[in-house]
Each structure stands twice: as C-alpha cells, then as structure tokens.
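S.K.: Mind having a look at this structure? Questions to follow.
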C-alpha cells in the first residue's frame, strides 16, 4: 500500500496528459477566475504560448457572470470555453452557473496547483493569469463537484458534526467548573439521565455559583437537543437520497452506523467512482508519506491529504476491531437488510480487520498506528461494498 506522494494526491480519474489532450482539442480559450466574496478577477489564455490577457474584475453576482459568459461567447464565436477557479469558501455556485450555459468549468484543488518556489508576489491578477495559463497546459487537478442533492446532505452531516463539537465543549466547561470546586461524580457513565439527576443535587455556597451551574447544565442539554434533532433529520433524509442503497450496504460493516456511513458518502459521493481501493486510501490520506532519492527510501506518517472528515470517522470506526470478530445482534440486524454478497464481504472484512489488529498489536506497535492501519484497510472494504451496491465489479474474494 506504499505509493509515492504524486500517486497519493490523485483526486480524479483523468491523468494530466488526458486533460491536456482533451482541452487542446475542444476549447477555444481558457479562462482563469480568482473568485472572492465580492469580486472575480478574470484572465483569458488563448491557444499558443502567449501570456494570458487580464480582462479585469467583475462583481461576484449571477448577472455579472452571465454578462461575462455572453461577451466571451461572442468573442470566440460560440466555441466551447474552459473556466477554472480554486475550490474555496465561495462554494460551487459559479461552477453550476457556467455549466448551465454549455461551457466547461473546473473547480481545482488549491493544494495541487504548481507554484514557483521563487515567486513572492501574490495578487488577484497574477492568480487569475496563473489559473488560465496552467489550465491551458493541462496542469490543474479538478476536484469532484457534488450535485445540489449531495451538497445538501453534506451540509446536514457537517452541521451535526459542528453541533457535536459544541456539545463536547459545553461538557468540558461544566466538568471543569465542577472539578474546580471539588464536585466529583462517582457513577460509571456521565451525561446520562442518572448523571443529570446527580447534577440536580449539587449545591454551592453562593447563589451566583448555583446560577452558573444551571447555565452550564442548560448549555449541555441544549447542545444535546440540537445534535439529536440533526440526527433525526439525517434519518428522515436517507430514504429519498439516491445513495441510500450504498448507505445500507456500508452499515453491514462493524463500526459503521448511520452517522458514519452518511458522513462518508456525503463527503465523497459515490466512492465506486475510484478506480481501485488504493486510490481511495490515497485520496483520504491514509497511506504512508515517502521521501525517496537514489538508493534511499524513507517512509513517514500518513499523508493526511484529502478529506479529513472521512478520515476521522474511519479511524473512529476502526477502534471497534480491537475486539474479537463476532456477529452481534445490532450488526446482524443491519446486515439482514442487504444482499447475501454484501453480508459475505462484511463478515470477511470483520475477520480480516480484527485479526490484523491483533497481529499488529503483537508486534509492539502503538495503538494509534494500529488503528490507522486498520482504518486504511477498512476504506478498501467500504469501496468493495459500494461497488457491489452500485452493480460494479470489485474483485472481492468473499463468497456467499
């Protein structure tokens, strides 16, 4: 599973040579857009080796963008144009608007844009010209753009993740406040009804501190209510989602519940689009980094490129494989909603991953490293399950 850093940063199926060949045959000009909240800097690179032309700035508004597209279409006699801009906080609105006009648009990965080591000047004009020039030469790497439906589900899962972080922070503040004043809970589990009943019995010497306690407790309960509400929305949105069958297939795996499965697919979309499980592992940054030169070969920690949301939930799911392989009641209930082939792949995965965890721990490796290695292989099995759910070949040896 060790690959060079160049291979680890694959985010699309097309190679740079294929993009260059396709672009040179189809597009009359290449337009670089440096997109900001209020403005867009525009540069145009025509075929050849001429320096891109800076056209100026326009407002980041649909009417201004439509005017730009119409003027450029007239200038190039209606021939197809290729627009490019960096992925960022402005989202994919510009992409969808350009695609609707019949022209092509690439949302490119900022971390994979070639940059000159000695270039110390950065302006909107230079950025737009750079995008136009690199688009013409086929050196930009486009990212996968979600559909409006996909983006809505992703916003939902990320909102739940944000609310969970707020809940965690509220719990930490309440715990720190209680510990600072010597109020220690003696039960086994916290943040359950019994724990909240205990909080109701806590008394402070001053009325002000009692008010502080109640406010902290209310903050925790409010955060829990928001998280529970968003989880209910996720359950309600699942049946109408086009990737619902894939979610059901992923949930046949140990450690993969509704929240984890929906997070993975909301962030990545149809993961069967990856050519191989190794490509998916590299995209998620779960493969070792490497610095090799000449006869020396040195590998380091994982690259941590790609989508950090998915990498986090997969590592969390991998912790469940520290226990012996077994079909629990909950896992079996989820698996029974899928096909026999999916169940066979999930069971084969559980046996392999549980065994791998034990073998790596026996060698004396750190638990975190072992869990990360298990998460890497877990991503491969999720790819196989997604391919099975979408009716695509995956080459799994698991049989029914």
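Numbering (the UniProt record's numbering), first residue to last: 1 to 400.
Here a beta-carbon is modelled for each residue, glycine too, at the ideal position from N, C-alpha and C.
So, residue 131 versus residue 84, is the Cβ gap smaller than 8 Å?
M.R.: Yes, they are a contact pair.
S.K.: For residue 250 versus residue 382, is the C-beta distance shorter than 8 Å?
M.R.: Yes, the Cβ-Cβ distance between residue 250 and residue 382 is below 8 Å.
S.K.: Do three or more CB pairs link the segment 270–279 to the segment 186–202 at distances below 8 Å?
M.R.: The segment 270–279 is not in contact with the segment 186–202.
S.K.: Taking the alpha carbon of residue 113 as the reference point, which residue from 101, 102, 90 and 143 has its own alpha carbon closest?
M.R.: Checking every option, the nearest Cα to that of residue 113 belongs to 143.
S.K.: In the DSSP assignment, the beta strand (DSSP E) including residue 211 goes from what residue to what residue?
M.R.: Note, residue 211: premise wrong, no beta strand (DSSP E); alpha helix (DSSP H) at 207–237.
S.K.: Specify whether the segment 211–231 and the segment 356–373 touch according to this definition: at least 3 beta carbon pairs, one from each stretch, less than 8 Å apart.
M.R.: With the cut-off at 8 Å, the segment 211–231 and the segment 356–373 do not touch.
S.K.: Could you tell me whether any Cβ in chain C is nearer than 8 Å to the Cβ of residue 120?
M.R.: In summary, chain C is missing from the structure at hand, where a single protein chain is found.
S.K.: Give the straight-line distance between the Cα atoms of residue 173 and residue 224, rounded to the nearest whole angstrom.
M.R.: Taking the straight line from one Cα to the other gives about 15 Å.
S.K.: What is the DSSP secondary structure of residue 58, counted as helix, strand or coil?
M.R.: Three-state result, residue 58: strand.
S.K.: What span of residues does the beta strand (DSSP E) with residue 29 cover, start to end?
M.R.: That run of the beta strand (DSSP E) goes 29–35.
S.K.: Looking only at C-alpha atoms, which of 302, 328 and 228 sits nearest to residue 372?
M.R.: Comparing Cα positions, the closest option is 302.
S.K.: Run through DSSP, which three-state label would residue 162 get?
M.R.: Looking at residue 162 - three-state DSSP - the assignment turns out to be helix.
S.K.: Taking its Cβ as the centre, do 16 or more other Cβ atoms sit within 10 Å of residue 129, making it buried, or is it exposed?
M.R.: So residue 129 ends up on the buried side.
S.K.: Measure the CB-CB distance between residue 28 and residue 76 and report whether it falls below 8 Å.
M.R.: In this structure, residue 76 lies closer than 8 Å to residue 28 by Cβ.
S.K.: Do residue 230 and residue 312 count as a contact pair if the criterion is CB distance below 8 Å?
M.R.: It is not a contact, given that the beta carbons lie outside the stated cut-off.
S.K.: Taking the alpha carbon of residue 334 as the point to measure from, which residue in 287, 285, 256 and 288 has its own alpha carbon closest?
M.R.: It is 256 whose Cα lies nearest to the Cα of residue 334.
S.K.: Could you give the distance in angstroms between the alpha-carbon of residue 310 and the alpha-carbon of residue 369?
M.R.: When rounded, the distance between both Cα atoms is 17 Å.
S.K.: May I ask you to report which of helix, strand or coil DSSP gives residue 300?
M.R.: Residue 300: strand per DSSP, three-state reduction.
S.K.: Could you please give me the residues that DSSP links to residue 44 through a beta bridge?
M.R.: Looking at the DSSP assignment, residue 44 forms a beta bridge with 31 and 53.
S.K.: List the DSSP bridge partners of residue 393.
M.R.: BP columns for residue 393 are empty, so no partner.
S.K.: Would you mind stating whether residue 325 and residue 375 have Cβ atoms separated by less than 8 Å?
M.R.: No, they are not a contact pair.
S.K.: Ordered along the chain, which non-local residues of its own chain (more than five positions away) have a Cβ less than 8 Å from that of residue 57?
M.R.: 39, 40, 41, 42 and 124.
S.K.: In this structure, how does DSSP classify residue 76 when only helix, strand and coil are distinguished?
M.R.: Of the three classes helix, strand and coil, the one that applies to residue 76 here is coil, per DSSP.
S.K.: Residue 281 and residue 379 look like a contact to me (Cβ under 8 Å); what is the Cβ gap, rounded to whole Å?
M.R.: That belief holds up - the Cβ atoms of residue 281 and residue 379 are roughly 5 Å apart, short of 8 Å.
S.K.: Measuring CA to CA, which of 59, 26, 53 and 210 is closest to residue 35?
M.R.: Taking only the C-alpha atoms, the option nearest residue 35 is 59.
S.K.: Ignoring anything shorter than 4 residues or poking outside the UniProt domain "Transposase IS116/IS110/IS902 C-terminal" (248–321), list the alpha helix (DSSP H) runs there in chain order.
M.R.: The qualifying runs are 258–268, 277–283 and 308–318.
S.K.: Please report the Cβ distance between residue 31 and residue 81, rounded to the nearest whole angstrom; I am assuming they are in contact, meaning their Cβ atoms lie under 8 Å.
M.R.: With 8 Å as the limit, residue 31 and residue 81 qualify as a contact, their Cβ atoms being about 6 Å apart.
S.K.: Among all the DSSP beta bridges, which residues are the ones paired with residue 85?
M.R.: Partner(s): 33 and 107.
S.K.: Determine, using beta carbons only, whether residue 262 and residue 286 come nearer to each other than 8 Å.
M.R.: For residue 262 and residue 286, no; Cβs fall outside 8 Å.
S.K.: Pull up the CB-CB distance for residue 384 and residue 345, whole angstroms please, since I reckon it's below 8 Å.
M.R.: The Cβ separation is near 6 Å, so the contact holds.
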